[in-house]
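Visitor: Chains as they are written, first to last, in the numbering used here: chain V, 281 to 352; chain G, 802 to 946.
The C-beta atom is built at its ideal place from N, Cα and C for all residues, glycine as well.
All values derive from a computational prediction rather than experimental measurement.
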Amino acid sequence: MKNNVRVARAQQGYTQQQLAEKIGVTRQTISLIEKGKYNPTLKLCLKICYAVHKKLDDVFWMEKEVFEDGKN
Amino acid sequence: MEKIKDERLVLQNLKNIRTAFFLQTAGILLILLYQLIVEGPKSLVANPLWILLILISTVLIYKNLLITDDVVDEKTNPGPYYRVILYAIGLASLLGLLVFLNPGERVATSMTAALIGAGATFVCTIIPFTIVHHSLKKRLENEEG
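1) Using three-state DSSP, classify T910/G as helix, strand or coil.
2) Relative to the C-alpha of I927/G, which residue among N903/G, K939/G and A893/G is closest?
3) Here's the rule: buried if 16 or more other CB atoms are within 10 angstroms of the residue's CB, otherwise exposed. What is P842/G?
4) Report the rounded CA-to-CA distance for T309/V versus F822/G, giving the unit in angstroms.
5) With a cut-off of 8 Å, do at least 3 Cβ pairs link the stretch 816-834 of chain G to the stretch 842-861 of chain G?
6) Give the residues of chain G in contact with G304/V, contact being defined as C-beta atoms less than 9 Å apart.
7) For G918/G, count the other beta carbons within 10 Å of its own beta carbon; 16 or more makes it buried, fewer makes it exposed. Which is it?
8) State the start and end residues of the unbroken alpha helix (DSSP H) segment that holds V305/V.
9) In the structure shown, what three-state DSSP assignment does T869/G receive?
10) Note down, in chain order, each residue of its chain lying with its Cβ closer than 8 Å to the Cβ of L336/V, except the 5 sequence neighbours on either side.
11) Where do the N-terminal and C-terminal ends of the alpha helix (DSSP H) with T321/V fall, by residue?
12) For N319/V, which residues from the same chain have a beta carbon less than 7 Å from its beta carbon, with the 5 sequence-adjacent residues on both sides left out?
13) May I ask you to report which of helix, strand or coil DSSP gives E803/G?
14) Mind checking which residues open and close the alpha helix (DSSP H) that includes P842/G?
15) Using CA coordinates, which residue listed in M912/G, K806/G and L867/G is at the minimum distance from K938/G?
16) My understanding is that K334/V touches A300/V, with C-beta atoms under 8 Å, so please give their C-beta distance in whole angstroms.
17) Name, please, each residue of chain V whose Cβ falls closer than 9 Å to the Cβ of L810/G.
18) Along chain G, which residues have their Cβ under 8 Å away from the Cβ of Y355/V?
19) Tell me the residue span of the alpha helix (DSSP H) that contains D338/V.
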């Protein structure tokens, strides 16, 4: 599913590896989340948000039309 | 080996275990089928793999009982627990009586056969009924709470 993890991470100046270490996952998982190929649990979403100092809405929210267009 | 903490890898690990489980079960079934064809049913039930297969199936069925409860949409009130015990006793008595009237040739007396039959029916009934009863009760509590 689409998200803004890449942008939020870049704004904090973290590499994928640094963010991964901060929240206790592998770099590959961060990469897959950014590409929208892996849907994280709510717990992991929150961990990401805390790490990049953003709210859940800012990082993971998407409009209903975008969500329902079947491309996510 | 390091413990996996990454949720994606934990999930992948579970999927791998599922694949291995399917393969293992298919292997056991093939071995038992071969034994059934070559050596006959008596040899089949004497094989420890048969007990393993029954054990695995039983565990899977019991675990799935809890899942299927959630699929049912109605809010079913399970009623008091003594009713479950009464059902089990009723069914066990009925089967005990049937065995008493037709005990077969393997046991010493009709009473022994009846007791074994009734006991087995009671245990096999009370366990799944209890699991479903508690599961329905818990679900009702969660929906009310």
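Guide: Quick answer:
1) Taking the second sequence and counting its residues from 1, one reaches residue 910/G at position 109. Residue state, collapsed to three classes: coil.
2) Along the second sequence, read from residue 1 onward, the residue named residue 927/G stands at position 126. The shortest Cα separation from I927/G among N903/G, K939/G and A893/G belongs to A893/G.
3) If you number the second sequence from 1, residue 842/G lands on position 41. Under this definition P842/G is an exposed residue.
4) In the first sequence, residue 309/V corresponds to position 29, counting from 1. In the second sequence, residue 822/G corresponds to position 21, counting from 1. In a straight line, the C-alpha of T309/V is about 26 Å away from that of F822/G.
5) yes
6) Position 24 of the first sequence, counted from the first residue, corresponds to residue 304/V. In chain order: K806 and D807.
7) The residue labelled residue 918/G in the question sits at position 117 within the second sequence. With 16 or more Cβ atoms within 10 Å of its Cβ, G918/G is classed as buried.
8) Looking up residue 305/V in the first sequence gives position 25. Note, V305/V: premise wrong, no alpha helix (DSSP H); not H, not E.
9) Position 68 of the second sequence holds residue 869/G. Note: T869/G maps to helix in three-state DSSP.
10) Mapped onto the first sequence, residue 336/V falls at position 56. The answer, listed in chain order, is C325, L326 and C329.
11) In the first sequence, counting from the first residue as 1, residue 321/V sits at position 41. Element bounds for T321/V: n/a, residue is neither H nor E.
12) Numbered from its first residue, the first sequence carries residue 319/V at position 39. For N319/V, where only same-chain residues beyond five positions count, the Cβ hits under 7 Å are M281.
13) For this step, residue 803/G is matched to residue 2 along the second sequence. In this structure, E803/G counts as coil in the three-state DSSP scheme.
14) Along the second sequence, read from residue 1 onward, the residue named residue 842/G stands at position 41. P842 to A847 is the span of the alpha helix (DSSP H), which, as asked, contains P842/G.
15) Along the second sequence, one-based indexing puts residue 938/G at 137. Of the listed residues, the one whose Cα sits closest to K938/G is L867/G.
16) Position 54 of the first sequence, counted from the start, is the residue given in the question as residue 334/V. Position 20 of the first sequence, counted from the start, is the residue given in the question as residue 300/V. Actually they are not in contact, since the Cβ atoms of K334/V and A300/V sit about 17 Å apart, beyond 8 Å.
17) Sequence index remark: in the second sequence, residue 810/G carries index 9 (1-based). The answer, in chain order, is V305, T306, Q308 and T309.
18) Given a span of 281 to 352 for chain V in the structure shown, any question on residue 355/V remains unanswerable.
19) Position 58 of the first sequence, counted from the start, is the residue given in the question as residue 338/V. Element bounds for D338/V: L336 to F340.
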